[in-house]
Amino acid sequence: MADLVFFSGTMDCGKSTLALQLDHNHAARGRKGIIFSRHDRAGASTISSRLGLRADAVEVTEGFDFHAYVVHLLSAGGKVDYLICDEANFYDAEQVDQLARVVDELSIDVFTFGITTDFRTKLFPGSQRLIELADRVEILQVEALCWCGARATHNARTVGGVMVVEGAQVVVGDIAVSESEVGYEVLCRRHHRRRLTAATARASVLSPDVLPFEAQRP
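Okay, here's the thing in C-alpha cells:
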C-alpha cells in the first residue's frame, strides 16, 4: 500500500538532501517520480540542498491542486510512482488533503519534507495537517546544532543578528546570510526562549545571561 510520509526537522538538518537522495534511490530502481517545492532558497521551480545538490521541481503555487495535476498526467498516459514534496510546511491544509487523496485513491507514495514550526514556535498550517494525516512522521536524525553546541530544536528569524518574534509567517530566507540581512538561525529551546542568537551572544561575552551559572562579581 502507498504511504503519506512526513519527514520533519529544524532548518539545516538535511531535509532537502534526503529528499534528493530518496528521489535518486527510487529512480535508480526504475520508478518514476515528480519533485515539488515551494519557496526554495535557490528560487522558483527548484529544490536545493545546502550541500550543493540541486534539481528541477514543480513550483507549488496558491491554488495548486496536486490530485488534479497527477490525474491529468495519468490520463495522458504518464507514469507516476511517487511524489517528492519539499518545503511542505508552506503548503496549505487543502493541498495536504489533496496529497492524502493521491495516496489513498491513486496508490502513489508521497514523501513530504518540511519544518514543523515557524520562528514564533507556531505550527505551519501545512505541517499541522501533515501531522494529522500522515501514515508516518519521521524526525530526521541528523541534528542541527545551536551556537552553544546543544541540539537545535527551534527556528529563529533574525534581523541584523537580533532575533525577532513578530512579522509575516512566511519570509523566504536562509541561515547563510550576513548579519545585516533578514535570515534564520537554529537555536536550542533555552536560547530561543531568551532570544539569544550567536550574534547577541558574542556581544554579551561573560554576561550572566549567556553563562549557565551565576557569574561571580568582584
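Numbering-wise, the sequence shown is residues 771 to 988 according to my numbering. Every residue, glycine too, gets a C-beta built ideally from N, C-alpha and C. Quick caveat: nothing in here was measured; it's all calculated off a predicted structure.
Fill in: 8 Å Cβ cutoff met for L790 and A825
The Cβ atoms of L790 and A825 lie closer than 8 Å to each other.
Fill in: When G848, V840, L915, R899 are compared against E875, the one with the closest alpha-carbon
Ranking G848, V840, L915, R899 by Cα distance to E875 puts V840 first.
Discussion item. Check for me: the alpha helix (DSSP H) holding A789 runs from which residue to which?
Written reply: Start and end: 785-797.
Discussion item. So the candidates are G937, A973, D862; which of them puts its Cα closest to the Cα of G953?
Written reply: The residue with the shortest Cα to Cα distance from G953 is G937.
Worksheet item: Can you tell me the Cα-Cα spacing of A870 and A973, whole angstroms?
Response: Whole-angstrom Cα-Cα distance: 48 Å.
Worksheet item: Could you give the residue range of the alpha helix (DSSP H) that holds G885?
Response: The identity of residue 885 in the sequence shown is Ile, whereas the question assumes Gly. Membership of I885 in any alpha helix (DSSP H) is not indicated, and neither H nor E is assigned to it by DSSP.
Worksheet item: Quick one: what does DSSP say L774 is sitting in, helix, strand or coil?
Response: DSSP places L774 in strand when its eight states are reduced to three.
Practice prompt. Assign T967 to one of two classes, buried (16 or more other C-beta atoms within 10 Å of its C-beta) or exposed (fewer than that).
Written response: It is buried - the Cβ of T967 has at least 16 other Cβ atoms within 10 Å.
Fill in: Close-in-space but distant-in-sequence residues of the same chain around E955 (CB under 7 Å, 5 per side omitted)
Taken in chain order, the residues that qualify are A926, T928, I945, T967, A968.
Item to complete: Work out the CA separation of G896 and I854 for me, nearest whole Å.
Response: When rounded, the distance between both Cα atoms is 15 Å.
Worksheet item: Is the CB-CB distance between E829 and R811 below 8 Å?
Response: Result no, Cβ atoms of E829 and R811 do not sit closer than 8 Å.
Worksheet item: Which word fits V873, buried or exposed, when buried means at least 16 other C-beta atoms lie within 10 angstroms of its C-beta?
Response: Buried, because 16 or more other Cβ atoms sit within 10 Å of the Cβ of V873.
Discussion item. Using only the alpha-carbon positions, how far apart do F776 and F881 sit?
Written reply: Whole-angstrom Cα-Cα distance: 6 Å.
Discussion item. Please state the DSSP three-state secondary structure of F894.
Written reply: In the structure shown, the three-state DSSP call for F894 is coil.
Practice prompt. Go through its chain and collect everything with a Cβ distance to Q865's Cβ below 8 Å, but skip five positions before and after it.
Written response: If the five residues before and after Q865 are omitted, its C-beta is found closer than 8 Å to the C-beta atoms of V830, F834, D835, F836, G896, all from its own chain and listed in chain order.
Fill in: Counterpart residues of V934 in DSSP-defined beta bridges
According to DSSP, V934 bridges with R927.
Discussion item. In the DSSP output, what is S818 paired with across the bridge?
Written reply: Its beta-bridge partners are R824.
Item to complete: For my contact list, G884 and A846 are in at a C-beta cut-off of 8 Å; report their separation, rounded to the angstrom.
Response: Between G884 and A846 a beta carbon distance of about 29 Å is seen, past the 8 Å cut, so the two are scored as non-contacting.
Worksheet item: Among residues of its own chain, excluding the 5 on either side of R959, which ones have a beta-carbon nearer than 8 Å to its beta-carbon?
Response: Here the set comprises T923, H924.
Worksheet item: What residue range is occupied by the uninterrupted beta strand (DSSP E) comprising R906?
Response: That run of the beta strand (DSSP E) goes 906-909.
Worksheet item: Quick one, which of G931, G800, F894, I804 has its alpha-carbon nearest Q939's?
Response: Comparing alpha-carbon positions, the option among G931, G800, F894, I804 lying closest to Q939 turns out to be F894.
Fill in: Buried or exposed by the 16-neighbour rule on C-beta atoms within 10 Å, applied to S977
For S977, the predicted structure reports a pLDDT of 49, less than 50, and the residue's modelled location is therefore unreliable. The matter cannot be settled from this model.
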